[in-house]
Structures are given as C-alpha cells and as structure tokens.
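Numbering (this note's numbering), first residue to last: 1 to 255. Quick reminder that beta carbons are idealized off the backbone N, C-alpha and C, glycines included.
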Amino acid sequence: MREYQAWCFDLDGTVYRGKEPIPETVRFIRGLREKGAGVFFVTNNSALTPEQQSEKLEGMGITAAPEEIMTSSVATAEHLLKNHGALPVSMIGEEGLRTALESAGHRIVRESPDAVVVGIDREITYGKLADASLAVSAGALFVATNSDKAYPTERGLVPGNGAFAGLIELATGVSPFYIGKPSVPMLETLADRHGLKKEEMIMVGDNYETDIMAGIRFGIETVHVDTGVTRTEDLAKFGEQPTYALRTLDGWTEN
Ligand SMILES: [Mg+2]
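Here it is as structure tokens:
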C-alpha cells in the first residue's frame, strides 16, 4: 500500500454514523495527523457550514480546520464563481448554502436570478419550488448541490436534495448541473485550493455510487470501507473497482 499525502474522507458512514463516531476511522485519522499527512473531508451535506462541521468533528475527537472541509455548498459557490463570476442567485437551502454563496461573493435575490441553486431545505415549501421552477424555465442556470435522492436518519431514509432537484427537473424539463459526489467539482475545488496533485490523493468512502465513483471520475485512488451504504460483498456488481476494499480502516497496514 502506497503512502498518500492527501486523504479525502467522506463523513456520514465513513467517519461517523449520524452522531456516533466510527472508532476505526477516528483512530486512523489520528495516526495520519501524527505522521503529518494531509487530511480532508468531502461531504455532500449542504446544510452545515465548514465551521459547524468542524465543531461536530471536534466533538468526536477529530481536529479539522474549516478549510480542510469541502461541502457541496462551498463547492457549488466556488464552481459558479470560477465558471460564471459572481451572480445574482436564488436559492433553496439552509445556512450552509447561504453562507457559502455569500462568502463567494454571490448576491442572493428573490427575483430574476441568473442561477437557481438547490440544496437540502427542511423547510421547503410549494412557493419555493414554484419560484425556482419559474426562474429555471425563464433560463436561469440550474445547479444542485448534490443528487442524493434520500438520506439516512434514525427513522430511516427521508427525501434528500436529489428528490427536490428532480421535482424541479420534472416540472421544467431542465436537468440540473450536480456539484456533489459522484460529480468531480468538490475534489477539483479541494485540489485547487490546497495545491494537491492527483497522484498523492486518495478518496475514502462507504458509498460506491457517490464516494468511489467521484474518486474514479476525478482520477485518484480510492478506499471503500464497509461501514455505511455499500456492502463489501456488493462491490462486485459495479464496474470499475475501488483501489482498496476494507471492512474498516483497521485493515489498512502500510508495509
Ligand atoms: Mg457516506
């Protein structure tokens, strides 16, 4: 197993499950920090700011600076800025998305946006969906933080951002541009920001269809862990395989 200098970890199902840390990953990350390796976090969760996410990790014994945490909201704001400049944007979403858009210099507007950005919004209303659909039909760019159709909670799977973006797509006939994993803009933005080279990066995640696919599409090596969505025995169903498949990160041994 090679030495990697930039470890990119998915969060839910990889570092923790909801509020419960996954001890093997926490130990592994501590070891990486002691060796001085780069540790980064890449999450499709658009609701929390990097600062809030950093506090959550701190509570589990993991030190993470906000700059080391790439959320789909931050990547969305950066991607828009890089490709279209600062824009008047209308959004469906929570604090993580609002903060990311404003920090990048976009202006949040209700009327005549140049872009409609959709992230998870647990106070979504018909009015918000109607406004977004009307703006998309009028020609605004349509960007969604991530395509997760559902996400796990203590009660089971509940609608995710992909379900809401899909509703607007169904109503307008316009497909959104997705930022989160399995698309590559999050890893791209992280690499740009920290000057990381692909050959020194490795993506660790529990979900083949998001984490591992994002790593494969971006062209970096990957580790699948069996602590969340995709079971190890189901990996064979998929085409290109992760570089490493482990039950947990306790199985990672360097020669
Ligand atoms: Mg996950």
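Report, in whole angstroms, the separation of the C-beta atoms of Ile277 and Gln53, which I expect to be a contact under 8 Å. Outside the shown range of the chain (1 to 255) lies residue 277, about which nothing can therefore be said.
Pull up the distance between the alpha-carbon of Arg122 and that of Ser175, whole angstroms please. Here residue 122 refers to the residue found at position 122 when the sequence shown is read from its first residue. Here residue 175 refers to the residue found at position 175 when the sequence shown is read from its first residue. Between Arg122 and Ser175, the alpha-carbon positions lie close to 22 Å from each other.
What is the DSSP secondary structure of Asn152, counted as helix, strand or coil? To locate residue 152, count along the sequence shown from 1; it is residue 152. One point to set straight first is that residue 152 is Pro, not Asn, in the sequence displayed. Note: Pro152 maps to strand in three-state DSSP.
Give me the residue from Thr71, Gly119, Ile62 and Val74 with the minimum Cα distance to Ser90. Along the sequence shown, read from residue 1 onward, the residue named residue 90 stands at position 90. Among Thr71, Gly119, Ile62 and Val74, the Cα nearest to that of Ser90 belongs to Gly119.
Please go through the same chain and pick out, in chain order, the residues whose beta-carbon is closer than 8 Å to the beta-carbon of Val109, but skip the five residues on each side of it. On the sequence shown, residue 109 is found 109 positions in, with the first residue counted as 1. Counting only Cβ-Cβ distances below 8 Å, and skipping sequence neighbours, we find Pro88, Val89 and Ser90.
Are at least three pairs of beta-carbons, each pair with one atom in the stretch 11 to 29 and one in the stretch 236 to 251, less than 8 Å apart? The stretch 11 to 29, when compared against the stretch 236 to 251, does touch it at the 8 Å Cβ threshold.
Where do the ends of the beta strand (DSSP E) carrying Ser90 lie? Walking along the sequence shown from the start, residue 90 turns up at place 90. Residues Pro88 to Ile92.
Pro21 to Val15 span [Cα, whole Å]: For the purposes of this step, residue 21 is taken as residue 21 along the sequence shown, with counting starting at 1. For the purposes of this step, residue 15 is taken as residue 15 along the sequence shown, with counting starting at 1. Across the structure, Pro21 and Val15 are spaced so that their CA atoms are roughly 6 Å apart.
So, using beta-carbon positions, are Asn83 and Gly180 closer together than 8 Å? On the sequence shown, position 83 is the one that residue 83 refers to. On the sequence shown, position 180 is the one that residue 180 refers to. Taking 8 Å as the cut-off, the beta carbon of Asn83 is found no closer than this to the beta carbon of Gly180.
For Glu240, does the three-state DSSP call read helix, strand or coil? In the sequence shown, counting from the first residue as 1, residue 240 sits at position 240. Glu240: coil per DSSP, three-state reduction.
Determine the extent of the beta strand (DSSP E) in which Met201 is found, giving its start and end residues. For this step, residue 201 is matched to residue 201 along the sequence shown. It spans Met201 to Gly205 - the beta strand (DSSP E) in which Met201 sits, taken as one unbroken run.
Short Cβ contact (8 Å threshold) for Gly93 with Val116: On the sequence shown, position 93 is the one that residue 93 refers to. On the sequence shown, position 116 is the one that residue 116 refers to. The Cβ atoms of Gly93 and Val116 do not sit closer than 8 Å to each other.
Element boundaries [alpha helix (DSSP H), containing Thr76]: As a working mapping, residue 76 is identified with position 76 in the sequence shown. Taken as a continuous stretch (DSSP letters only), the alpha helix (DSSP H) holding Thr76 covers Ser72 to His84.
Less than 8 Å between the beta carbons of Ala214 and Pro182, yes or no? In the sequence shown, the residue the question calls residue 214 occupies position 214. In the sequence shown, the residue the question calls residue 182 occupies position 182. Yes, Cβ-Cβ distance for Ala214 and Pro182 is below 8 Å.
Going by DSSP in three states, Gly38 sits in which element: helix, strand or coil? Taking the first residue of the sequence shown as position 1, residue 38 is located at position 38. Residue state, collapsed to three classes: strand.
Please report how far the alpha carbon of Val229 lies from the alpha carbon of Glu200, in whole angstroms. Position 229 of the sequence shown, counted from the first residue, corresponds to residue 229. Position 200 of the sequence shown, counted from the first residue, corresponds to residue 200. About 26 Å.
Distance between Pro185 and Asn255 (C-alpha atoms, nearest Å): As a working mapping, residue 255 is identified with position 255 in the sequence shown. As a working mapping, residue 185 is identified with position 185 in the sequence shown. Low per-residue confidence applies at Asn255: pLDDT is 42, beneath 50, and the placement is therefore not dependable, though the value from the model is reported in the following sentence. Those two C-alpha atoms are separated by around 33 Å.
Over what stretch of residues does the beta strand (DSSP E) that includes His194 continue unbroken? Mapped onto the sequence shown, residue 194 falls at position 194. In the DSSP annotation of this structure, His194 is not part of any beta strand (DSSP E); the continuous alpha helix (DSSP H) holding it starts and ends at Pro185 to His194.
Is Asp148 near ligand 1, going by C-beta to nearest heavy atom under 7 Å? Walking along the sequence shown from the start, residue 148 turns up at place 148. No; taking the cut-off as 7 Å, the Cβ of Asp148 has no heavy atom of ligand 1 nearer than that.
Exposed or buried, what is Asp148 when buried is set at 16 or more other beta-carbons lying within 10 Å of its beta-carbon? Taking the sequence shown and counting its residues from 1, one reaches residue 148 at position 148. Under the 10 Å beta carbon count, Asp148 is surrounded by 16 or more other beta carbons and is classified as buried.
Please check the pair Ala86 and Gly105, which I expect to be a contact at CB under 8 Å, by giving their CB distance rounded to whole angstroms. Residue mapping note: residue 86 aligns to position 86 of the sequence shown, counting from 1. Residue mapping note: residue 105 aligns to position 105 of the sequence shown, counting from 1. That pair is a contact at about 4 Å.
Assign Tyr4 to one of two classes, buried (16 or more other C-beta atoms within 10 Å of its C-beta) or exposed (fewer than that). For this step, residue 4 is matched to residue 4 along the sequence shown. By the neighbour-count criterion, in which 16 or more other beta carbons inside 10 Å mark a residue as buried, Tyr4 falls on the buried side.
Hey, would you say Phe177 sits closer than 8 Å to Phe218, going by beta carbons? Residue numbering aside, residue 177 sits at position 177 when the sequence shown is read from its first letter. Residue numbering aside, residue 218 sits at position 218 when the sequence shown is read from its first letter. With contacts defined by Cβ atoms closer than 8 Å, Phe177 and Phe218 do not form a contacting pair.
Please classify Leu80: is it buried, with 16 or more other beta-carbons within 10 angstroms of its beta-carbon, or exposed? As a first step, residue 80 must be located in the sequence shown, where it is residue number 80. Here Leu80 is buried. Its C-beta has 16 or more other C-beta atoms within 10 Å.
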